[in-house]
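Q:
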């Protein structure tokens, strides 16, 4: 059994190749690229006429979350051998680092892989479609955003509940529990809740109005 | 290792108490009670004025699915020892029978229990709320129905994907695969898809209308 930094220590990871990048070398580029995406979408969306600040902020979020789903979570789903590669790329290193907060990633736990696969294949493209839908003021914009939020929330419930039922002991230390398992995921609980609530309200108002004028 | 009728044969179920009821004694009462609920809601909803036939059919579905989630799936979630009880009740027997189509139920697989718990705690009450919302023509009726449908669909995707990733070998025979694993679950794929599509369209039409008259 090769030595690895994950919990439980008994986890067998044959062929594990140790991390080469430091935490800063992993988190830094991700945060930097994310800030770049947020700034670029904010500036570009300012050139689309008639968009409210709320819409522009939403476009920033959907671009950020869509790219995270596709470019960060995508490689995890489609690289089952990421932790044994002798020449690991940045994304392999990301998931070796994140696994310190949840070793089910490196262990390829079924529920975790399933939630990630749904996130990458459905929520990733749908998030980017939401950027376009908001910019072009499509009538499906709210229900699409609501759909992606529900998917993200359902995924988080499955993610946290399966961790709880399977023993709640997958982090290398309390630091990684709070920073990665809780911290890194909290945005995908709080922000989808806020957006879903907003879309729900907007939809109810529109339906109420439509009922009044008997569009039926 | 006690003898049991489930696959894989190596599954260890200490204290397993064999089924006493026949398939007919289990499926018969469930189908009978379901038909009773469907008929009762159909007849009662006919007395509410102004409800379309589509609305009345939807009320029948939401009552049936809500009661199935709460009364059939509820006991599974909250009775971890259902297969060892010396005096099993009807619901214990239901899940011992269904496990012939998916032994992850009797094995209490984490992902399966998680999806069932979400279904019971969130989608069960929300389905019954949908019956009320349709009857009272609430403005949140469509978005609520859409929410429950997405939950059911996400649950089905997790359910089938985890089965696939874990080896796709949980049924006692092809009959149980088709009748239980596929057959019994197919309604919760097809009907939520149809209702979600309908609600999506209704919401888009209402939003389109609201945009036109600049309710913003």
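Chains as they are written, first to last, in UniProt numbering: chain H, 1 to 216; chain G, 1 to 216.
Even glycine gets a Cβ: it sits at the ideal position worked out from N, Cα and C.
Suppose contacts are defined by Cβ-Cβ distances below 8 Å. Is residue 118(H) in contact with residue 94(H) by that definition?
A: Contact flag unset, no.
Q: Would you please state the rounded distance, in angstroms, between the beta carbons of residue 69(G) and residue 139(G)? I believe it to be under 8 Å.
A: The pair is not a contact, with the Cβ atoms about 24 Å apart (cut-off 8 Å).
Q: Within this structure, are the beta carbons of residue 110(G) and residue 166(H) separated by less than 8 Å?
A: yes
Q: Between the Cα of residue 89(H) and those of 20(H), 154(H), 65(H), 115(H), spot the shortest distance and give me the residue it belongs to.
A: 20(H)
Q: At a CB distance below 9 Å, what residues from the segment 196–208 of chain G approach chain H? Give them in sequence order.
A: 196, 199, 200, 202, 203, 204, 205, 206, 207, 208
Q: Does the beta-carbon of residue 132(H) have 16 or more other beta-carbons within 10 angstroms, so that it is buried, or is it exposed?
A: exposed
Q: If I'm right that residue 295(G) touches residue 200(G) with Cβ under 8 Å, what's the distance once you round it to whole angstroms?
A: Any question about residue 295(G) goes unanswered here, given that chain G covers just 1 to 216.
Q: Cutting at 7 Å between CB atoms, please list the residues of its own chain near residue 57(G), excluding the five before and the five after it.
A: none
Q: Can you give the Cα-Cα distance for residue 202(G) and residue 202(H), rounded to whole angstroms?
A: Spanning the two alpha carbons is a distance of roughly 14 Å.
Q: List, in chain order, every chain H residue whose beta-carbon is nearer than 9 Å to that of residue 73(G).
A: The premise fails here: residue 73(G) is roughly 15 Å from chain H at the closest Cβ pair, so nothing lies under 9 Å.
Q: In chain order, which continuous runs of the alpha helix (DSSP H) of length 4 or greater are located wholly inside the UniProt domain "EXPERA" (54–196) of chain H?
A: 74–78, 90–98, 110–118, 124–135, 141–165
Q: Could you tell me the boundaries of the alpha helix (DSSP H) in which residue 13(H) lies?
A: Per DSSP, residue 13(H) belongs to no alpha helix (DSSP H) and is neither H nor E.
Q: Going by C-alpha to C-alpha distance, which of 157(G), 207(G), 41(G), 100(G) sits closest to residue 169(G)?
A: 100(G)
Q: Comparing alpha-carbon positions, which option in 83(H), 64(H), 92(H), 66(H) lies nearest residue 75(H)?
A: Answer by Cα proximity: 92(H).
Q: Measure how close the beta-carbons of residue 125(G) and residue 153(G) come, nearest whole angstrom, since I'm counting them as under 8 Å.
A: Actually they do not touch by this definition, with Cβ atoms about 18 Å apart.
Q: If distances are taken between C-alpha atoms only, which option among 43(H), 80(H), 175(H), 122(H) comes closest to residue 107(H)?
A: Out of 43(H), 80(H), 175(H), 122(H), the CA that lies nearest to the CA of residue 107(H) is found in 80(H).
Q: Is any beta-carbon of chain G found at less than 8 Å from that of residue 154(H)?
A: yes
Q: Quick one: using the 10 Å Cβ neighbour count with 16 as the cut-off for buried, is residue 50(H) buried or exposed?
A: exposed
Q: Within 10 angstroms of the Cβ of residue 1(G), are there 16 or more other Cβ atoms? Answer buried if so, exposed if not.
A: The pLDDT assigned to residue 1(G) is 49, lower than 50, so where the model puts this residue is not dependable, and the model offers no usable value.
Q: Quick check: the Cα distance between residue 215(G) and residue 196(H), rounded to an integer number of angstroms?
A: Confidence at residue 215(G) is low in this model, with a pLDDT of 46, below 50, so its placement is unreliable and the value that follows should be read with caution. The straight-line gap from Cα to Cα measures roughly 20 Å.
Q: Give the straight-line distance between the Cα atoms of residue 135(G) and residue 145(G), rounded to the nearest whole angstrom.
A: 13 Å
Q: Can residue 97(H) and residue 208(H) be called in contact, C-beta distance under 8 Å?
A: no
Q: Using 8 Å as the limit for Cβ to Cβ distance, is residue 215(G) near chain H?
A: Residue placement at residue 215(G) is poorly supported in this model, since its pLDDT is 46, which falls under 50; the coordinates are not used for a value here.
Q: Using a Cβ-Cβ cutoff of less than 8 Å, which residues in the same chain neighbour residue 105(H) once the five nearest sequence positions on both sides are dropped?
A: 76, 95, 98, 99, 112
Q: Of all the residues that make up the segment 155–183 of chain H, which are near chain G by a beta-carbon distance shorter than 7 Å?
A: Listed in sequence order: 157, 158, 161, 162, 165, 166.
Q: Would residue 162(G) and residue 161(H) be called neighbours here (beta carbons separated by less than 8 Å)?
A: Residue 162(G) is not a Cβ neighbour of residue 161(H), given a cutoff of 8 Å.
Q: Report the option in 143(H), 157(H), 156(H) whose CA atom is closest to the CA atom of residue 205(G).
A: 143(H)
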